[in-house]
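I have placed the structure first, in the form of structure tokens, so that the comments after it can refer back to it.
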Amino acid sequence: MAHPKEPNRLQLNDQGRLRHFLTLDGLDRATLTEILDTADSFIEVGARSIKKVPLLRGKTVVNLFFEASTRTRSTFELAAKRLSADVLNLNISTSATSKGESLSDTLQNLEAMASDMFVVRHSQSGAPHFIAESVTPNVSIINAGDGRHAHPTQAMLDMLTIRQHKGAFEGLTVAIVGDILHSRVARSQIRALNTLGVSEVRVIAPNTLLPVDIESLGVSVFSTMKEGLDAVDVIIMLRLQKERMEGALLPSEHEFYELYGLTTEKLEYAKPDSIVMHPGPINRGVEIESAVADGPQSVILNQVTNGIAVRMAVMSMAMSGQTAAISAATPE
Amino acid sequence: MAHPKEPNRLQLNDQGRLRHFLTLDGLDRATLTEILDTADSFIEVGARSIKKVPLLRGKTVVNLFFEASTRTRSTFELAAKRLSADVLNLNISTSATSKGESLSDTLQNLEAMASDMFVVRHSQSGAPHFIAESVTPNVSIINAGDGRHAHPTQAMLDMLTIRQHKGAFEGLTVAIVGDILHSRVARSQIRALNTLGVSEVRVIAPNTLLPVDIESLGVSVFSTMKEGLDAVDVIIMLRLQKERMEGALLPSEHEFYELYGLTTEKLEYAKPDSIVMHPGPINRGVEIESAVADGPQSVILNQVTNGIAVRMAVMSMAMSGQTAAISAATPE
Amino acid sequence: MAHPKEPNRLQLNDQGRLRHFLTLDGLDRATLTEILDTADSFIEVGARSIKKVPLLRGKTVVNLFFEASTRTRSTFELAAKRLSADVLNLNISTSATSKGESLSDTLQNLEAMASDMFVVRHSQSGAPHFIAESVTPNVSIINAGDGRHAHPTQAMLDMLTIRQHKGAFEGLTVAIVGDILHSRVARSQIRALNTLGVSEVRVIAPNTLLPVDIESLGVSVFSTMKEGLDAVDVIIMLRLQKERMEGALLPSEHEFYELYGLTTEKLEYAKPDSIVMHPGPINRGVEIESAVADGPQSVILNQVTNGIAVRMAVMSMAMSGQTAAISAATPE
Chain A
0 MAHPKEPNRL QLNDQGRLRH FLTLDGLDRA TLTEILDTAD SFIEVGARSI KKVPLLRGKT
60 VVNLFFEAST RTRSTFELAA KRLSADVLNL NISTSATSKG ESLSDTLQNL EAMASDMFVV
120 RHSQSGAPHF IAESVTPNVS IINAGDGRHA HPTQAMLDML TIRQHKGAFE GLTVAIVGDI
180 LHSRVARSQI RALNTLGVSE VRVIAPNTLL PVDIESLGVS VFSTMKEGLD AVDVIIMLRL
240 QKERMEGALL PSEHEFYELY GLTTEKLEYA KPDSIVMHPG PINRGVEIES AVADGPQSVI
300 LNQVTNGIAV RMAVMSMAMS GQTAAISAAT PE
Chain B
0 MAHPKEPNRL QLNDQGRLRH FLTLDGLDRA TLTEILDTAD SFIEVGARSI KKVPLLRGKT
60 VVNLFFEAST RTRSTFELAA KRLSADVLNL NISTSATSKG ESLSDTLQNL EAMASDMFVV
120 RHSQSGAPHF IAESVTPNVS IINAGDGRHA HPTQAMLDML TIRQHKGAFE GLTVAIVGDI
180 LHSRVARSQI RALNTLGVSE VRVIAPNTLL PVDIESLGVS VFSTMKEGLD AVDVIIMLRL
240 QKERMEGALL PSEHEFYELY GLTTEKLEYA KPDSIVMHPG PINRGVEIES AVADGPQSVI
300 LNQVTNGIAV RMAVMSMAMS GQTAAISAAT PE
Chain C
0 MAHPKEPNRL QLNDQGRLRH FLTLDGLDRA TLTEILDTAD SFIEVGARSI KKVPLLRGKT
60 VVNLFFEAST RTRSTFELAA KRLSADVLNL NISTSATSKG ESLSDTLQNL EAMASDMFVV
120 RHSQSGAPHF IAESVTPNVS IINAGDGRHA HPTQAMLDML TIRQHKGAFE GLTVAIVGDI
180 LHSRVARSQI RALNTLGVSE VRVIAPNTLL PVDIESLGVS VFSTMKEGLD AVDVIIMLRL
240 QKERMEGALL PSEHEFYELY GLTTEKLEYA KPDSIVMHPG PINRGVEIES AVADGPQSVI
300 LNQVTNGIAV RMAVMSMAMS GQTAAISAAT PE
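Protein chains in written order, with numbering that gives the first Met the number 0: chain A, 0 to 331; chain B, 0 to 331; chain C, 0 to 331.
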């Protein structure tokens with residue numbers, strides 16, 4: 000499965016509004032900004048005594064996880080429930096397909112049950128696009144991570160966190176550190192940062208953890224923390240995807256930490272008011288020193304809070320875009 | 000466990016209304032028609048923007064699955080949530096009974112938690128009857144499939160699908176094809192079709208996949224598709240229950256397909272406006288050719304949609320019958 | 000992990016109201032009575048047609064089970080749903096920590112998702128205290144059983160059951176029978192009974208199933224049923240925690256039943272109007288004879304019903320105490 004050349008043909012409706020949320024590729028600055036603004040309004044809901052809005056009341060959201068991830072599934076489940084949706088959690092690897100049913104048949108069945116939204120996590124790049132290609136107009140697809148391709152809600156919660164702390168994207172230098180090669184998050188982040196207009200996106204990694212086409216994504220490549228972190232505003236540490244590594248691309252965790260782990264010492268290369276981000280779960284002492292993860296420049300827990308708000312934002316926007324598309328298509 | 004001779008003593012209240020839903024045996028045409036009419040009203044709910052009615056608000060529905068079935072459990076879960084019930088999913092095989100507790104104690108505990116309805120799936124024929132015998136008047140039992148005995152909501156969703164497409168049951172010839180022997184669905188379907196007044200129910204199967212008492216159920220038996228499908232209005236394909244087969248009743252999947260698989264070619268024996276049904280999940284190329292499953296005569300996905308509506312119907316009717324029975328039994 | 004010397008520093012707010020519910024140690028009679036009175040009001044909710052109150056609407060309750068217990072988890076899930084909360088079930092042993100994340104990081108993440116309450120079950124004594132020490136003011140912890148230490152909601156549902164049947168605690172003699180050593184319930188029960196003012200708490204057990212410090216808890220120790228049950232008002236049987244036993248502390252289940260199993264015969268030592276309790280699941284023929292478990296003096300199923308009401312009570316009280324504490328701490 001490969002993702003299509005024109006993702007927006009799929010993910011935008013005829014009015015140019017989101018109706019699926021598959022990738023940041025092709026989304027313009029106005030759309031990303033609208034997502035961030037909508038998420039900001041949901042941050043306020045999370046701080047209320049009654050953390051619920053009726054935007055998805057009577058809608059059925061199915062968490063279709065072909066790859067287990069309790070953490071990501073929980074954030075989507077909470078986001079959907081706070082939007083008042085009914086939620087059905089399906090771990091597809093252990094259900095229907097084990098009875099020999101094809102993916103396509105499973106999806107058509109869920110559609111026929113009048114589901115309104117599938118939140119899809121899959122180990123294969125492009126799976127959410129494939130599903131979005133085939134579903135009826137009454138279902139919206141939200142990409143919750145597909146292979147090495149994208150994890151667009153993670154990237155958008157990172158953008159929200161940067162905007163909260165830095166006010167704007169203009170003039171910022173952002174460094175992404177670690178295993179770029181295996182990271183679906185990094186690709187989405189690079190796309191979002193460039194679209195939102197930062198001054199410079201840097202990646203800091205050993206050559207073995209960089210994709211071959213990396214410079215074409217619009218980044219500067221650094222191989223040492225000293226050079227790469229010099230005077231940056233934002234440091235995004237990636238999780239070392241041990242479970243994704245095939246073969247011996249790394250000498251050892253210890254050596255990785257020596258070279259690329261974010262320590263108090265290395266943090267001093269960055270600006271004094273720089274912020275430190277990590278998508279979690281943290282491997283303390285591998286990617287990051289505990290003193291930094293828990294230190295005053297860390298905004299890691301803000302990212303988690305923002306994750307709920309961003310997921311509420313894209314779910315409510317996609318549902319609204321779906322409804323508009325259906326109305327437009329219905330003859331008077 | 001055997002099911003009782005007079006199921007209606009259990010499943011109807013003193014006013015003759017459903018208060019459990021265990022089997023179609025003994026239910027008269029008026030009751031089946033009421034289920035179909037009620038389901039029709041819920042079809043409309045599934046098409047609304049807010050797919051929710053408050054009929055079971057504040058009620059607790061427990062999905063008691065002694066046999067795993069993600070698909071069936073999901074449809075009951077969605078049906079209950081769209082009726083606004085609180086839902087508790089219990090996979091009994093993996094919980095209390097593993098601590099050495101008896102089934103009866105588990106059930107009494109769930110009753111004591113003020114549960115209002117148990118949706119029961121069990122590999123033993125008669126288990127839902129057994130449970131209905133023992134529960135308090137405050138709990139309704141819905142049979143979600145028991146052994147080889149019955150799967151009455153599946154049969155009723157099939158009836159709803161037939162009525163939607165054919166308008167009425169009078170004058171119809173219906174063929175049920177495949178593994179009748181191991182199918183709890185087939186028994187329920189035959190019962191329902193005869194009660195609702197079709198002209199003829201046919202079964203088409205090799206002798207090895209027919210129960211010995213089959214003709215007593217009111218069917219004509221055919222051993223070839225050519226004869227059995229001749230001029231029928233409705234074709235119901237059964238799922239080849241591979242996991243239920245013990246021993247070698249079938250030569251091979253390939254040979255089965257040659258003889259009983261529904262292909263474009265064999266479909267021509269039936270009336271041109273005949274409809275094709277299958278309970279899912281489909282084994283493409285075993286029971287049915289893909290071109291037929293996805294073709295213009297297939298109503299397989301309508302069956303799925305109708306499944307939610309029928310489950311909402313029997314759940315709301317049983318709850319209403321339970322409430323009426325309790326009021327009638329309460330002294331002024 | 001050990002529990003702190005002053006649990007109330009943690010579990011009461013500055014106004015002396017519950018804001019966590021960790022242990023009965025240190026809670027005074029007025030507080031226990033308030034829990035029982037609040038639970039009484041929820042008993043009435045469980046008998047209503049619509050079993051729901053909006054006290055926790057828009058709140059997020061996370062069932063954090065580090066030790067599997069379908070039964071206990073189900074009662075908390077139902078209690079939370081009847082209070083209108085959104086519920087997230089997490090079986091922690093199988094999720095984030097398997098990715099190498101520390102407990103503390105998992106908790107901080109859940110807090111950052113704006114969770115309002117963690118219901119914690121853990122095999123280590125003191126784990127809920129440890130968690131309560133570290134969480135933000137916006138989260139309340141409810142202890143759903145920790146190691147051998149405490150199971151305070153179980154003890155309070157037992158107190159509610161005793162008060163329902165005996166009217167008051169004054170003048171009562173209560174015997175607790177069985178494996179005191181491995182029972183987290185027994186410790187909580189002894190504490191509650193003494194605080195609520197019963198005349199005498201007895202424990203009946205072989206020496207091998209008694210903790211060394213047992214008399215310091217304020218109980219009389221008996222080694223035979225004949226002496227221990229003499230003229231008691233309440234008999235609390237404990238579950239034989241087979242899965243907790245290490246080594247051969249018991250000769251055999253059969254011998255245990257001979258000596259300490261509650262039979263019709265031994266029940267006659269107690270007062271004629273004595274009540275029989277058991278936390279479930281029951282091992283019939285090991286701790287208790289079926290005729291007694293199902294007999295007229297048994298209130299075992301009342302305990303289950305009361306379990307939902309007590310859990311609703313402590314959850315709503317802790318949430319209210321949390322809110323009051325946050326308001327008090329907020330500058331005008």
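Ideal Cβ placement from N, Cα and C applies to all residues, glycine included. What you are looking at is a predicted structure, and each value in this text was computed from that prediction instead of being measured.
- Secondary structure at C/Asp-36: helix, using DSSP grouped into helix, strand and coil.
- The beta carbons of C/Thr-263 and C/Glu-288 sit closer together than 8 Å.
- No Cβ of chain A is located within less than 8 Å of the beta carbon of C/Arg-120.
- For the pair of segments examined, the region 253 to 263 of chain B was found not to touch the region 301 to 319 of chain B: the number of CB pairs separated by less than 8 Å stays below three.
- DSSP places B/Ala-113 in the coil class of the three-state scheme, outside both helix and strand.
- Going by C-alpha positions, B/Gly-170 is about 11 Å away from B/Val-200.
- A/Leu-31 has a beta carbon lying at 8 Å or more from every beta carbon in chain B.
- Look at A/His-181 here: in three-state DSSP terms it is coil, with no helix or strand label.
- Cβ-Cβ distances below 7 Å link B/Ser-187 to Leu-23, Ala-149, His-150, Pro-151, Gln-153 and Ala-154 in the same chain, with the five nearest sequence neighbours on each side left out; the list follows chain order.
- Annotated three-state conformation of C/Ser-139 is strand, per DSSP.
- Secondary structure note for B/Ser-289: its alpha helix (DSSP H) is the uninterrupted segment 289 to 292.
- Listed in chain order, the positions of the region 158 to 169 of chain A with a beta carbon within less than 9 Å of a beta carbon of chain B would be empty, since no residue qualifies.
- Under the 8 Å criterion on CB atoms, B/Glu-76 is classed as interfacial with respect to chain A.
- In the DSSP annotation of this structure, the continuous segment of the alpha helix (DSSP H) that includes C/Thr-322 starts and ends at 299 to 328.
- Under the Cβ criterion of 8 Å, A/Thr-135 is not counted among the residues facing chain C.
- Around C/Met-116, the same chain offers Val-60 and Ser-139 as residues with beta carbons nearer than 6 Å, after the five sequence neighbours per side are excluded.
- Per DSSP, the continuous beta strand (DSSP E) segment holding B/Ala-174 begins and ends at 172 to 176.
- Boundaries of the alpha helix (DSSP H) harbouring B/Asp-157: 151 to 165, taken from the DSSP string.
- If you ignore the 5 residues before and after C/Ser-182, its C-beta comes within less than 6 Å of the C-beta of Leu-237, all in its own chain and listed in chain order.
- Apart from the 5 residues on each side of it in sequence, B/Tyr-268 sits with its Cβ closer than 7 Å to the Cβ of Met-224, Lys-225, Leu-228 and Asp-229 in its chain, given in chain order.
- Exclusion of the five residues before and after B/Ser-251 leaves no residue of its chain whose Cβ lies closer than 8 Å to its Cβ.
- Counting the other CB atoms within 10 Å of its CB gives A/Gln-107 a total of 16 or more, which places it among the buried residues.
- Around B/Phe-41, the same chain offers Ala-308, Met-311 and Ala-312 as residues with beta carbons nearer than 7 Å, after the five sequence neighbours per side are excluded.
- Closest option to A/Ala-323, judged by alpha-carbon separation, among A/Leu-159, A/Pro-136 and A/Asp-178: A/Pro-136.
- Look at C/Arg-56: its C-beta is under 8 Å from a C-beta on chain A.
- Burial state of A/Thr-160 is buried, judged by a 10 Å Cβ sphere holding 16 or more other Cβ atoms.
- A/Ile-49: not part of any alpha helix (DSSP H); DSSP gives it neither H nor E.
- Using a C-beta cut-off of 8 Å, the region 127 to 134 of chain C makes contact with the region 16 to 33 of chain C, since at least three inter-stretch Cβ pairs fall below that distance.
- With 16 or more neighbouring CB atoms inside 10 Å of its own CB, B/Arg-81 falls in the buried class.
- Counting C-beta atoms within 10 angstroms of its own C-beta, B/Glu-214 has fewer than 16 neighbours from the protein chains shown and is therefore classed as exposed.
- Relative to the Cα of C/His-277, the nearest Cα in the group C/Val-176, C/Ala-67 and C/Ser-48 belongs to C/Val-176.
- Only buried fits A/Gly-125, as 16 or more other CB atoms lie within 10 angstroms of its CB.
- With contacts defined as CB atoms closer than 8 Å, A/Val-173 and A/Asp-212 fail to qualify as a contacting pair.
- The way I'd put it, the region 51 to 69 of chain C doesn't touch the region 27 to 39 of chain C; fewer than three beta-carbon pairs between them come closer than 8 Å.
- Closer than 7 Å at the C-beta level to chain C, one finds these residues of the region 291 to 307 of chain A: Leu-300, Val-303, Thr-304 and Ile-307.
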